[in-house]
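The structure under discussion appears below in the form of structure tokens.
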Ligand SMILES: [Zn+2]
């Protein structure tokens, strides 16, 4: 468990240092599955991802029972419902990174760019707004994730899923850059005649 907690602490710091999360926003989890158990390790509530300690990481079973003493992220249901739906997912990263979230707050969709596997659909999948931390949001995400590796949560942020934590974090960074590139291209096009 210690090694896994260390991975979460390190990824949290990377996300924070790269400004993909700020303040006490964002959350990260991994799934720890073996023959006897299927549990998740998740970042705690009301903590900066830039300043976590290994003992802050909270363990939950898939029913949401707390196996440690800390309080999990308020979005723990969002993580649990996706793990229950997707057997192939072992890590989830949720951020409010500024460019991607800017799109989430607008009527514009984020285009899928080259760089992270084959482009199957032209735009990232979106789900309608539901209150952060609510079971409604968790169920909607799980119902709509399909085979996607990214979901845009309208008027909220994004989440990425992957086989492992580094991949999920790397995808979150890639999506932020994708949104930034799209924003810059759009802005340049607006000023084309000048
Ligand atoms: Zn959020």
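Residue numbers (the numbering used here): 32 to 225.
Glycine included, every Cβ here is placed at the ideal spot set by N, Cα and C.
Here the structure is a predicted model, which is why all the values come from computation and not from measurement.
Sub-9 Å separation of residue i and residue j beta-carbons
{"i": "residue 124", "j": "residue 46", "result": "yes"}
{"i": "residue 136", "j": "residue 185", "result": "yes"}
{"i": "residue 192", "j": "residue 141", "result": "no"}
{"i": "residue 38", "j": "residue 73", "result": "no"}
{"i": "residue 188", "j": "residue 128", "result": "yes"}
{"i": "residue 43", "j": "residue 83", "result": "yes"}
{"i": "residue 108", "j": "residue 168", "result": "yes"}
{"i": "residue 180", "j": "residue 202", "result": "yes"}
Simplified DSSP state of residue i, which is helix, strand or coil
{"i": "residue 113", "result": "helix"}
{"i": "residue 222", "result": "coil"}
{"i": "residue 56", "result": "coil"}
{"i": "residue 32", "result": "With a pLDDT of 49 at residue 32, under the threshold of 50, the modelled position of that residue is not reliable, and the figure given next carries that caveat. Here residue 32 sits in coil by DSSP."}
{"i": "residue 134", "result": "helix"}
{"i": "residue 150", "result": "coil"}
{"i": "residue 163", "result": "coil"}
{"i": "residue 185", "result": "coil"}
{"i": "residue 127", "result": "coil"}
{"i": "residue 120", "result": "coil"}
Pairwise C-alpha distance: residue j and residue i
{"i": "residue 32", "j": "residue 206", "result": "The predicted model places residue 32 with a pLDDT of 49, which falls under 50 and marks its position as unreliable, so this point remains unresolved."}
{"i": "residue 90", "j": "residue 99", "result": "6 Å"}
{"i": "residue 35", "j": "residue 102", "result": "18 Å"}
{"i": "residue 106", "j": "residue 93", "result": "14 Å"}
{"i": "residue 63", "j": "residue 221", "result": "48 Å"}
{"i": "residue 126", "j": "residue 170", "result": "18 Å"}
Cut-off 7 Å between Cβ atoms - residues of its own chain near residue i, not counting five sequence neighbours on either side
{"i": "residue 218", "result": "none"}
{"i": "residue 49", "result": "204"}
Beta-carbon proximity list for residue i, same chain, < 6 Å, skipping 5 on both sides
{"i": "residue 130", "result": "207, 210, 211, 214"}
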